[in-house]
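Residue numbering for the sequence shown follows our numbering, starting at 8 and increasing by one per position.
Cβ coordinates follow ideal geometry from the N, Cα and C atoms, glycine included.
A short write-up of the structure that comes next.
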Amino acid sequence: MTFIAFWANVDFLMVAKTKSEPFIWNKNAECMSRGELRALQTKRLSEMLKRVSKNEFYQKRFAEAGITNLAENFKDLSDLKSLPFTYKYDLRNNYPFGLFCEPLSNVSRIHASSGTKGKPTVVGYTKNDLETWKEACARSLACAGAKPADIVHNAYGYGLFTGGLGMHYGIEHFGATVIPASGGRTQQQILLLQDFGSRILLSTPSYALNIAYHMEENAIDLSTINVEIGIFGAEPWTEELRKQIESKLQIKALDIYGLSEIMGPGVSMECLEGRKGLHVWEDLFLPEIIDPKTGEILPEGEEGELVFTNIQKEAIPVIRYRTGDISRLYYEPCVCGRTMARMERVKARLDDMLIIRGVNVYPSEIEQALLSIDELAPHYQLVVNREKALDVLEVQVEISEEIVARWGEFEDGQVEFETLTQKIQKSLKENMGLTADVKLMKPRSVPRSEGKAVRVIDKRSQAAK
Ligand code: DLL
Numbered sequence: 008m009t010f011i012a013f014w015a016n017v018d019f020l021m022v023a024k025t026k027s028e029p030f031i032w033n034k035n036a037e038c039m040s041r042g043e044l045r046a047l048q049t050k051r052l053s054e055m056l057k058r059v060s061k062n063e064f065y066q067k068r069f070a071e072a073g074i075t076n077l078a079e080n081f082k083d084l085s086d087l088k089s090l091p092f093t094y095k096y097d098l099r100n101n102y103p104f105g106l107f108c109e110p111l112s113n114v115s116r117i118h119a120s121s122g123t124k125g126k127p128t129v130v131g132y133t134k135n136d137l138e139t140w141k142e143a144c145a146r147s148l149a150c151a152g153a154k155p156a157d158i159v160h161n162a163y164g165y166g167l168f169t170g171g172l173g174m175h176y177g178i179e180h181f182g183a184t185v186i187p188a189s190g191g192r193t194q195q196q197i198l199l200l201q202d203f204g205s206r207i208l209l210s211t212p213s214y215a216l217n218i219a220y221h222m223e224e225n226a227i228d229l230s231t232i233n234v235e236i237g238i239f240g241a242e243p244w245t246e247e248l249r250k251q252i253e254s255k256l257q258i259k260a261l262d263i264y265g266l267s268e269i270m271g272p273g274v275s276m277e278c279l280e281g282r283k284g285l286h287v288w289e290d291l292f293l294p295e296i297i298d299p300k301t302g303e304i305l306p307e308g309e310e311g312e313l314v315f316t317n318i319q320k321e322a323i324p325v326i327r328y329r330t331g332d333i334s335r336l337y338y339e340p341c342v343c344g345r346t347m348a349r350m351e352r353v354k355a356r357l358d359d360m361l362i363i364r365g366v367n368v369y370p371s372e373i374e375q376a377l378l379s380i381d382e383l384a385p386h387y388q389l390v391v392n393r394e395k396a397l398d399v400l401e402v403q404v405e406i407s408e409e410i411v412a413r414w415g416e417f418e419d420g421q422v423e424f425e426t427l428t429q430k431i432q433k434s435l436k437e438n439m440g441l442t443a444d445v446k447l448m449k450p451r452s453v454p455r456s457e458g459k460a461v462r463v464i465d466k467r468s469q470a471a472k
């Protein structure tokens, strides 16, 4: 082969490679026209309303809103906006099974939230629901670039939390090999990653970072693991954290979203090709963005609260569920070919908002500011307290190992560390108008996450006593 012919061939191969079609799990569903999708959504919502109309809670809720003969009167998808919302407290107040629309004899599995803020919220799945969930997870895996030949290390917690078992059965259905690692025992997880050669890692982003740091601290060579793609979710994370995980683990990190009340993981997934927003599996979950104060639906692209309606669920379908998550929706076509709407990565939960000396701030905004300061490690906690009827915030953040190596062991009062503290305070002030105390922490002193990270420690209720 001549030199020119050789390069022409390489060029051809590269074009062929870059032009290779994305692997789409269910092309008929994921790429249908918006018109077809709307017709399907209308049909499914109409059937769903018949189903929920038999449930006592919904009968009462609709009657209170002056809605009668709902199932008969429902004509078009736009009628959705006249339906009342469902809230997390509705599930708690009707604990455990009050919102179920099927007898327990038809329910194959129960999951529940941890209940740290009160009674757990309990959800159930019929056999068909479990099939639908597997489908949503399989679509999500393909969307992230996984292949049925892959080995998938699943470090989401197994148990009542939907992350572990939800993805587990999705991975099996997809045809890949699942390693049911669950959360914790990081040393052993790394051993499994090394010995089993998983190409896909599933965990919370904070736990992925924990794995990365554990490897670095124990001088474990990155080349001993084979992970190329991370599917991370279950907690808010920022672009800055994505960059850190990607550079520390040398992988592509993608965002997966979900919530137990609607299904679990796999409600939406970022695609490998676009990496700009998460495709919502809209033939299963109807998304809306509303103004959290007025409840009005907001136009495309505006930031507000995500609301979901189940249109393909039997055991506990939820109508207009107020997720409390802040995001935006976009309907423009995506490079990957999927026609389903995309939601922007969740910025935060509405109830995570802190009001510090009159400034409204979300933990993710603080994370963004901290992670762009080179001298810091991405391990932090926010301690909120009350002094003289005012909320005060202490940002506790670790200094990086490199800085300790350069400046020596961390000591209060040392000039370099004083300057660093001031730099952080200035960044918080300039970026979000926030006045906070900053406490530099020694490397490895902020507790590491094994599941959902605890970012905020709220001492206000203790202070009030
Ligand atoms: O966290 C389900 C899940 C498991 C999603 C594994 C992704 C991966 P819940 O425990 O019910 O369910 O918590 C749901 O977690 O309302 C969001 O506030 C938050 N959340 C979930 N995924 C993301 C994400 C699972 N990708 C709550 N980004 C949701 C930001 C997320 N927040």
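key: Straight-line gap, E303 to R327 (C-alpha atoms, nearest Å)   = In the sequence shown, counting from the first residue as 1, residue 303 sits at position 296. In the sequence shown, counting from the first residue as 1, residue 327 sits at position 320. Roughly 12 Å separates the two Cα atoms.
inquiry  = Using a 10 Å radius around the Cβ and a threshold of 16 neighbouring Cβ atoms, would you call Y387 buried or exposed?
reply    = Taking the sequence shown and counting its residues from 1, the one referred to as residue 387 is at position 380. So Y387 counts as buried.
ask   = Between I236 and the ligand DLL, is the CB less than 7 Å from at least one heavy atom?
value = Against the sequence shown, residue 236 aligns to sequence position 229. Remark: the shortest separation between the CB of I236 and any heavy atom of the ligand DLL does not fall under 7 Å.
Close Cβ partners of G152 (< 6 Å) along its chain, the five nearest in sequence each way excluded = The sequence position of residue 152 within the sequence shown is 145, counting from 1. Taken in chain order, the residues that qualify are I236 and L279.
ask   = For E321, is the classification buried or exposed, using 16 other Cβ atoms within 10 angstroms of its Cβ as the cut-off for buried?
value = On the sequence shown, residue 321 is found 314 positions in, with the first residue counted as 1. Result: buried.
ask   = Roughly how many angstroms separate the alpha carbons of A396 and R364, rounded to a whole number?
value = By one-based count along the sequence shown, residue 396 stands at place 389. By one-based count along the sequence shown, residue 364 stands at place 357. Their backbone Cα atoms lie some 10 Å apart in a straight line.
task = Determine the closest residue to G271 out of P212, N317 and G182, with distance taken between C-alpha atoms.
result = Locating residue 271 in the sequence shown gives position 264, where the first residue counts as 1. It is N317 whose Cα lies nearest to the Cα of G271.
inquiry  = Which of the three DSSP states is assigned to G131 in this structure?
reply    = For the purposes of this step, residue 131 is taken as residue 124 along the sequence shown, with counting starting at 1. In this structure, G131 counts as strand in the three-state DSSP scheme.
task = Check V353 in the structure and name its three-state DSSP category.
result = For the purposes of this step, residue 353 is identified with residue 346 of the sequence shown, where counting begins at 1. If DSSP states are grouped into helix, strand and coil, V353 belongs with coil.
Where the alpha helix (DSSP H) through F69 begins and ends = Along the sequence shown, one-based indexing puts residue 69 at 62. In this chain, the alpha helix (DSSP H) harbouring F69 covers E63 to E71.
key: G302, DSSP secondary structure in three states   = The residue you call residue 302 lines up with position 295 of the sequence shown. The answer is coil: DSSP assigns G302 none of H, G, I, E or B.
query = How would you label A156, buried or exposed, when you count the other beta carbons within 10 angstroms and need 16 or more for buried?
reply = Looking up residue 156 in the sequence shown gives position 149. So A156 ends up on the exposed side.
key: Three-pair Cβ contact test at 8 Å for the segment 210 to 220 versus the segment 434 to 442   = Under the Cβ criterion (8 Å, minimum of three pairs), the segment 210 to 220 does not count as touching the segment 434 to 442.
request  = Could you tell me if the beta carbon of V129 falls within a distance shorter than 7 Å of some heavy atom in the ligand DLL?
outcome  = Stepping through the sequence shown from its first residue, residue 129 is reached at position 122. Proximity of the beta carbon of V129 to the ligand DLL is not indicated: no heavy atom of the ligand is located closer than 7 Å.
query = Is L106 near the ligand DLL, judged by its Cβ being under 7 Å from some heavy atom?
reply = Taking the sequence shown and counting its residues from 1, one reaches residue 106 at position 99. With a cutoff of 7 Å, L106 does not count as near the ligand DLL, since its C-beta is closer than that to no heavy atom of the ligand.
request  = Inspect the beta-carbon positions of A46 and S213 and report whether they are closer than 8 Å.
outcome  = Along the sequence shown, read from residue 1 onward, the residue named residue 46 stands at position 39. Along the sequence shown, read from residue 1 onward, the residue named residue 213 stands at position 206. With respect to the 8 Å criterion, A46 and S213 are not classified as neighbours on the basis of their beta carbons.
task = Check whether the Cβ of P243 sits closer than 7 Å to any heavy atom of the ligand DLL, and report yes or no.
result = As a working note, residue 243 is residue 236 in the sequence shown. Correct: P243 has its Cβ closer than 7 Å to the ligand DLL.
task = Say yes only if the C-beta of F168 is nearer than 7 Å to one or more non-hydrogen atoms of the ligand DLL, and no if none qualify.
result = Counting from 1 along the sequence shown, the entry for residue 168 is found at position 161. Annotation for F168 indicates a beta carbon within 7 Å of some heavy atom of the ligand DLL.
ask   = What three-state label does DSSP hand G42 in the structure shown?
value = The residue you call residue 42 lines up with position 35 of the sequence shown. DSSP places G42 within a helical segment (H, G or I) once states are collapsed to three.
query = Which value, in whole angstroms, describes the spacing of the CA atoms of E501 and S120?
reply = Summary: the structure shown does not reach residue 501, with the chain confined to residues 8 through 472, and so no result is reported for it.
query = At a cut of 8 Å, does the segment 284 to 302 reach the segment 258 to 271 through at least three beta carbon pairs?
reply = Cβ pair count under 8 Å is three or more, so yes.
query = Got a sec, what are the start and stop residues for the beta strand (DSSP E) Q388 sits in?
reply = For the purposes of this step, residue 388 is taken as the residue at position 381 of the sequence shown. Unbroken beta strand (DSSP E) run through Q388: L383 to E394.
query = So who's on the other strand from N317, going by DSSP bridges?
reply = On the sequence shown, residue 317 is found 310 positions in, with the first residue counted as 1. N317 is bridged to F292.
key: Rounded separation between T245 and S112 - CA only   = Locating residue 245 in the sequence shown gives position 238, where the first residue counts as 1. Locating residue 112 in the sequence shown gives position 105, where the first residue counts as 1. Take the alpha-carbon of T245 and the one of S112: they are about 42 Å apart.
query = Can you tell me the Cα-Cα spacing of F13 and F30, whole angstroms?
reply = One-based indexing of the sequence shown puts residue 13 at position 6. One-based indexing of the sequence shown puts residue 30 at position 23. Here the model assigns F13 a pLDDT of 41, short of 50, so the residue's position is not dependable, and the following value carries that caveat. Approximately 29 Å between the Cα atoms of the pair.
query = Of all the options Y94, I117, F69 and G281, which has the alpha carbon lying nearest to the alpha carbon of L172?
reply = To locate residue 172, count along the sequence shown from 1; it is residue 165. Comparing Cα positions, the closest option is I117.
query = Exposed or buried, D298, counting other C-beta atoms within 10 Å across all chains shown (16 or more means buried)?
reply = In the sequence shown, the residue the question calls residue 298 occupies position 291. Counting the other CB atoms within 10 Å of its CB gives D298 a total below 16, which places it among the exposed residues.
ask   = With distances taken between CB atoms, is the gap from P450 to E405 smaller than 8 Å?
value = For this step, residue 450 is matched to residue 443 along the sequence shown. For this step, residue 405 is matched to residue 398 along the sequence shown. Result yes, Cβ atoms of P450 and E405 sit closer than 8 Å.
key: Range covered by the beta strand (DSSP E) that runs through N161   = For the purposes of this step, residue 161 is identified with residue 154 of the sequence shown, where counting begins at 1. N161 -> beta strand (DSSP E) spans I158 to N161.
inquiry  = Ignoring anything shorter than 4 residues, give me the alpha helix (DSSP H) runs that lie fully in the segment 164 to 210, in order along the chain.
reply    = If only uninterrupted alpha helix (DSSP H) runs of at least 4 residues are considered, those enclosed by the segment 164 to 210 are 169 to 181 and 193 to 203.
ask   = Could you give the uninterrupted runs of the alpha helix (DSSP H) lying entirely in the segment 398 to 423, keeping only those of 4 residues or more?
value = You should have 408 to 414.
Inter-residue spacing [alpha-carbon to alpha-carbon] between S275 and N80 = Counting from one through the sequence shown, the residue named residue 275 turns up at place 268. Counting from one through the sequence shown, the residue named residue 80 turns up at place 73. Taking the straight line joining both Cα atoms gives about 30 Å.
message = What would DSSP say about P272, mapped onto helix, strand or coil?
response = Stepping through the sequence shown from its first residue, residue 272 is reached at position 265. Assigned with DSSP and collapsed to three states, P272 falls in strand.
ask   = Within 10 angstroms of its Cβ, does A241 collect 16 or more other Cβ (buried), or is it exposed?
value = One-based indexing of the sequence shown puts residue 241 at position 234. Counting Cβ neighbours within 10 Å, A241 comes out buried, since at least 16 surround it.
ask   = Around the C-beta of D358, are 16 or more other C-beta atoms found within 10 angstroms, so that it is buried, or is it exposed?
value = Taking the sequence shown and counting its residues from 1, the one referred to as residue 358 is at position 351. Classification for D358: exposed.
message = Measuring only from the beta carbon, is I207 closer than 7 Å to any heavy atom that is part of the ligand DLL?
response = Looking up residue 207 in the sequence shown gives position 200. Flag unset: Cβ of I207 not near the ligand DLL.
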